[in-house]
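In what follows, a single structure is set out as structure tokens and then discussed.
In our numbering, the protein residues as written are 1 to 152.
Here it is in structure tokens:
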């Protein structure tokens with residue numbers, strides 16, 4: 001990595017799931033919208049809430065908390081869907097709330113601790129601290145398993 005990359009600012013969207021904060025690169029998020037009840041799909045994984053109609057396009061909705069193995073609750077009007085591009089696919093990511101837009105440098109990101117499981121490390125690219133908050137940087141390309149990314 002060059003020094004220019006270490007000091008270049010990246011914009012991230014921070015969001016909450018339960019009591020934890022996460023963030024993703026702002027360039028991968030197309031829009032943020034309120035919760036819309038999803039139509040369940042038979043035999044889909046537990047983290048797949050179903051699909052919604054987004055301006056004529058069928059959009060799969062992934063419960064990000066369930067995907068991360070966190071305790072989840074039934075979505076309410078307070079939940080939001082982040083419409084994101086993951087591996088060339090457009091999907092909706094269900095989160096509790098979007099909190100803010102952050103700026104950070106690659107140098108400020110600490111590696112994921114070795115105490116984390118490989119499952120966690122596949123999602124969490126690193127962790128950084130800002131204003132006394134610990135925020136996990138999520139790598140969206142790993143949110144969908146390879147074969148499900150093709151099916152979604």
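Built from N, CA and C at the ideal position, the CB exists for glycine as well.
Can you name the residues that DSSP bridges to residue 15?
For residue 15, which the question treats as bridged, DSSP gives the partners 22 and 98.
Burial state of residue 134, where buried means 16 or more other Cβ atoms lie within 10 Å:
Exposed, since its Cβ has fewer than 16 Cβ neighbours within 10 Å.
Runs of beta strand (DSSP E) wholly within the region 17–91 (minimum 3 residues, chain order):
Taken in chain order, the complete beta strand (DSSP E) segments of 3 or more residues contained in the region 17–91 are 20–25, 29–34, 48–54, 57–63 and 80–86.
Taking the alpha-carbon of residue 61 as reference, which of 25, 108 and 49 has the nearest alpha-carbon?
Taking only the C-alpha atoms, the option nearest residue 61 is 49.
Which residues in the same chain have their Cβ closer than 6 Å to the Cβ of residue 136, if we skip the five residues on either side of it in sequence?
Excluding five sequence positions before and after residue 136, the CB atoms of its chain that fall closer than 6 Å to its own CB belong to 22, 124 and 127, given in chain order.
DSSP beta-bridge partners for residue 126?
The partner list for residue 126 (beta bridge, DSSP) reads 137.
Looking only at its own chain, which residues have a Cβ that is under 8 Å from the Cβ of residue 20, when we skip the five neighbours before and after it?
The residues 70 and 136, in chain order, have a CB closer than 8 Å to that of residue 20 in the same chain once the five nearest residues on each side in sequence are set aside.
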